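A.B. asks:
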Amino acid sequence: MTKWKDVWRRFSGRGTYPHQLAIMLLFPLRRIVLSPDRLVRHLHLTRASRVLEVGPGPGFFSIDVARAIPQGRLELVDLQLEMLQKARRRLRRAGVQNAGYTQANAVKLPFRSGAFDVAFLVAVLGEVPDRKACLGSIADVLRPGGLLSVAELPGDPDALTEGQLRILTQGTGLELVESVRVSRGLLASFRRQAKAPGTTAA
91 MTKWKDVWRR
101 FSGRGTYPHQ
111 LAIMLLFPLR
121 RIVLSPDRLV
131 RHLHLTRASR
141 VLEVGPGPGF
151 FSIDVARAIP
161 QGRLELVDLQ
171 LEMLQKARRR
181 LRRAGVQNAG
191 YTQANAVKLP
201 FRSGAFDVAF
211 LVAVLGEVPD
221 RKACLGSIAD
231 VLRPGGLLSV
241 AELPGDPDAL
251 TEGQLRILTQ
261 GTGLELVESV
271 RVSRGLLASF
281 RRQAKAPGTT
291 AA
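Residues in the sequence shown are numbered consecutively from 91, following this note's numbering.
(1) Smallest Cα separation from leucine 135: which of Asp248, Asp220, Leu164 and Pro200?
(2) Between arginine 274 and proline 244, what straight-line distance do the alpha-carbon atoms span, to the nearest angstrom?
(3) Along the chain, where does the beta strand (DSSP E) containing arginine 271 start, and where does it finish?
(4) What's the call for glutamate 265, buried or exposed, on a 16-neighbour Cβ count within 10 Å?
(5) If you follow the beta strand (DSSP E) that threonine 259 is in, where does it begin and where does it stop?
(6) Going straight from the alpha carbon of valine 272 to that of glutamine 260, what length do you get?
(7) Assuming leucine 215 and valine 240 make a contact with CB atoms under 8 Å, what is their CB distance in whole Å?
(8) For glutamine 187, which of helix, strand or coil comes out of DSSP?
(9) Less than 6 Å between C-beta atoms, sequence neighbours within five positions excluded: which residues of the same chain meet that for threonine 92?
(10) In the DSSP output, what is phenylalanine 210 paired with across the bridge?
(11) Nearest to leucine 258 by CA position, among Ala284, Cys224 and Gln283, is which residue?
(12) For alanine 213, I'd like the list of residues in its chain whose CB is within less than 6 Å of its CB, leaving aside the five on either flank, ordered along the chain.
(13) Assign alanine 177 to one of three DSSP states: helix, strand, or coil.
(14) Quick check on arginine 281: does DSSP put it in helix, strand or coil?
(15) Are the CB atoms of serine 279 and leucine 237 within a distance shorter than 7 Å?
(16) Could you round the C-beta distance between alanine 209 and leucine 142 to whole angstroms and report it? I think they count as a contact, below 8 Å.
(17) Within a Cβ cutoff of 7 Å, which residues of the same chain sit near leucine 45, ignoring the five residues on either side of it in sequence?
(18) What is the DSSP secondary structure of leucine 52, reduced to helix, strand or coil?
(19) Short of 8 Å in beta carbon distance, which residues of its chain neighbour alanine 177, apart from the five on each side in sequence? Order them along the chain.
(20) In the DSSP assignment, what residue or residues form a beta bridge with leucine 164?
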């Protein structure tokens with residue numbers, strides 16, 4: 091009983107979304123708020139893009155992103171192994187072969203600097219206790235000029251505003267380049283600066 095009380099607390103309040111309720115993240119009506127197709131267009135992918143998805147849940151957006159980059163690769167990163175396992179099964183059933191799965195904390199991503207062209211999070215950043223460290227870690231694994239997309243959706247108790255995102259990205263090397271409204275939510279794009287914050291040309 092205590093276990094399920096904790097699951098319900100995390101579902102209805104703040105914190106990491108419980109893997110036990112992952113099925114709810116695949117509810118078709120989610121497409122009305124933000125469809126995978128719209129997200130793919132927003133990411134400005136090429137066929138060979140190297141893409142990082144932080145907090146994929148059971149892979150609601152992952153299949154469409156992977157299919158949009160047939161010569162590229164999608165890396166799914168989640169704190170919960172159970173979520174990664176659900177996503178892996180779903181993507182494999184869909185025939186996706188260009189995806190990797192890594193269990194890791196988003197504040198310390200285990201990838202080399204500049205490993206990705208694009209990174210995205212959908213209704214995830216607000217769940218991370220140290221959001222600024224998370225953004226800094228993502229910025230580090232993006233190539234200079236790489237794109238980070240942060241989606242904040244209506245109804246999410248952890249949702250962040252554009253103003254909060256602007257403050258959180260200060261000093262991370264990420265610059266806001268686009269912000270669009272989606273069903274009372276937000277799609278914000280940040281570009282990885284070519285130079286580290288505070289540096290000057292020689």
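We treat Cβ as the ideally placed atom computed from N, Cα and C, and that holds for glycine.
Note that this is a predicted model, so its numbers are computed, not measured.
C.D. replies: With the structure as the only source:
(1) Leu164
(2) 6 Å
(3) Counting along the chain, the unbroken beta strand (DSSP E) around arginine 271 starts and ends at 264-272.
(4) Exposed, by the Cβ-count rule.
(5) Careful: threonine 259 lies outside any beta strand (DSSP E), inside the alpha helix (DSSP H) at 252-259.
(6) 24 Å
(7) 6 Å
(8) coil
(9) Residue placement at threonine 92 is poorly supported in this model, since its pLDDT is 49, which falls under 50; the coordinates still yield a value, given next. Closer than 6 Å at the Cβ level, and outside the excluded window around threonine 92, lies no residue.
(10) Glu143 and Ser239
(11) Of Ala284, Cys224 and Gln283, the residue nearest in Cα terms is Cys224.
(12) Leu243 and Asp246
(13) In this structure, DSSP gives alanine 177 a helical state, which the three-state scheme calls helix.
(14) strand
(15) yes
(16) 4 Å
(17) Residue numbering for the chain in the displayed model covers 91 to 292; residue 45 lies beyond these limits and cannot be assessed.
(18) With the chain covering 91 to 292 only, the question about residue 52 has no answer from this structure.
(19) Pro146, Gly147, Pro148, Gly149, Ser152, Leu166, Asp168 and Tyr191
(20) Val141 and Ala189
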